[in-house]
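*Asks:* Residue 504 in this note's numbering sits at position 11 of the sequence shown; the count goes up by one each step and never skips. Virtual Cβ for every residue (Gly too), placed ideally from N, Cα, C. The structure presented is a predicted model; accordingly, all values stated were derived computationally and were not measured. My structure is below; once you've seen it, I'll send some questions.
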Amino acid sequence: MSDHPTLSRWHAWQQLADALEHLLLWPQSAADFPLALRELAQQVDALMAQDTDLGVFEVVRISPDKLTRYGALHSLHTASVVWLVAQRKEWVQAKRLCALQAALTMNIAVTDLQTTLAQQPGPMNEEQQTRMRNHALDSERLLRSLGVGDETWLAAVAEHHEQPGGKGYPRGLDRTGELADLLRTCDVFCAKMSPRAGRTAMLSPTAAEAIFRQRSANYFGATVVTTMGVYPPGSLVSLGSGEQAMVTERTRDPLRPMIALLTDAEGQALDAPQASGTDASGDRKVVGPARSADPAHLFTPTDVLKTR
Numbered sequence: 494m495s496d497h498p499t500l501s502r503w504h505a506w507q508q509l510a511d512a513l514e515h516l517l518l519w520p521q522s523a524a525d526f527p528l529a530l531r532e533l534a535q536q537v538d539a540l541m542a543q544d545t546d547l548g549v550f551e552v553v554r555i556s557p558d559k560l561t562r563y564g565a566l567h568s569l570h571t572a573s574v575v576w577l578v579a580q581r582k583e584w585v586q587a588k589r590l591c592a593l594q595a596a597l598t599m600n601i602a603v604t605d606l607q608t609t610l611a612q613q614p615g616p617m618n619e620e621q622q623t624r625m626r627n628h629a630l631d632s633e634r635l636l637r638s639l640g641v642g643d644e645t646w647l648a649a650v651a652e653h654h655e656q657p658g659g660k661g662y663p664r665g666l667d668r669t670g671e672l673a674d675l676l677r678t679c680d681v682f683c684a685k686m687s688p689r690a691g692r693t694a695m696l697s698p699t700a701a702e703a704i705f706r707q708r709s710a711n712y713f714g715a716t717v718v719t720t721m722g723v724y725p726p727g728s729l730v731s732l733g734s735g736e737q738a739m740v741t742e743r744t745r746d747p748l749r750p751m752i753a754l755l756t757d758a759e760g761q762a763l764d765a766p767q768a769s770g771t772d773a774s775g776d777r778k779v780v781g782p783a784r785s786a787d788p789a790h791l792f793t794p795t796d797v798l799k800t801r
């Protein structure tokens, strides 16, 4: 374990992801599933409160793990974005933890299938389509069988793919609960930033624009966008100099984040990431998203986080 504070917290996130993946894939292995899941939700709550920018970094950064461990990581990252919205809305801890537990388990019936589909180059077969269409209700039933009795949590899971006007699935409900609306919004946002076989991940500003247009009865799409910010940690950006960088921390000025430089102006990788601030103009101005996702693969997350 590193004595670098940021790296220690990053390792805690990795351990949390491992524990969540095991619980979602083998839920019957837990002696007390509701307790085990609640403890993981409490860890998300604590880690996000301790270092919010690091939690956002994990959601946004482009990583091969998002493909090979999609089922578990997507649920974890959705929960992190749910936390951001809950904080912005000033929800009490009990309501926030309920939302986190729902986010972590919304796809529990298809955790393995989601990872398969993320790596599958072709379309879903008929069996896969059926499982995905029914997974919200199947997840609710599985959670009940595992001892979950919180009806608010269960309803959010069952309804998280329903949409206003009856356009969602599996039941085509005209209206859904507040938590289901939040889950759907954060679910879609995180899915757009995750790679799939044959499709690169959307860069954060593009995903934000897409989610802003999502219909949310509670305007959660707008809340997600404003809470994440223009250039959230983990984003790849281009500077006025032509250098490419990754955002590591937000500042009071949403257009002037702290960054780790990854390439020179010609796009050549640096020997190691270099910490830097940004300016309102000139070479250190953030002029927009990076030209491509390629710089994300030049260095490990720990290399980048050491610059904080």
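Can you give me the Cβ contacts of R502 inside the same chain, cut-off strictly under 7 Å, excluding the 5 residues immediately before and after it?
*Replies:* Within the same chain, R502 has close Cβ partners L540, Q543, D544 and L547.
*Asks:* So Q612 is in the beta strand (DSSP E); what residue range does that whole segment cover?
*Replies:* Note, Q612: premise wrong, no beta strand (DSSP E); alpha helix (DSSP H) at T604 to Q612.
*Asks:* Whose C-alpha, out of H570, G770 and S734, is nearest the C-alpha of A783?
*Replies:* That would be S734, whose Cα lies nearest to the Cα of A783.
*Asks:* Can you name the start and end residues of the alpha helix (DSSP H) that E619 belongs to?
*Replies:* Counting along the chain, the alpha helix (DSSP H) containing E619 begins and ends at E619 to S638.
*Asks:* Would A510 and L566 be called neighbours here (beta carbons separated by less than 9 Å)?
*Replies:* A contact, by the Cβ cut-off of 9 Å.
*Asks:* Let's see if you can read the secondary structure: which residues bound the alpha helix (DSSP H) around S769?
*Replies:* Premise fails: S769 lies in the beta strand (DSSP E), A762 to S769, not in any alpha helix (DSSP H).
*Asks:* If you check the beta carbons only, do E652 and T678 fall under 9 Å apart?
*Replies:* In this structure, T678 does not lie closer than 9 Å to E652 by Cβ.
*Asks:* Mapping the DSSP letters down to three states, classify P831 as helix, strand or coil.
*Replies:* Absent from the structure is residue 831, since the part of the chain shown begins at 494 and ends at 801.
*Asks:* Tell me the residue span of the alpha helix (DSSP H) that contains S475.
*Replies:* Here the chain covers residues 494 to 801 and nothing more, so residue 475 does not appear.
*Asks:* Quick one, are the C-beta atoms of S731 and P750 less than 9 Å apart?
*Replies:* Cβ atoms of S731 and P750: not closer than 9 Å.
*Asks:* In this structure, does DSSP put G564 in helix, strand or coil?
*Replies:* G564 falls in the helix class under three-state DSSP.
*Asks:* Which whole runs of the alpha helix (DSSP H) in the stretch 650-686 are 4 residues long or more, in chain order?
*Replies:* If we require 4 residues or more, the alpha helix (DSSP H) runs fully inside the stretch 650-686 come out as 671-685.
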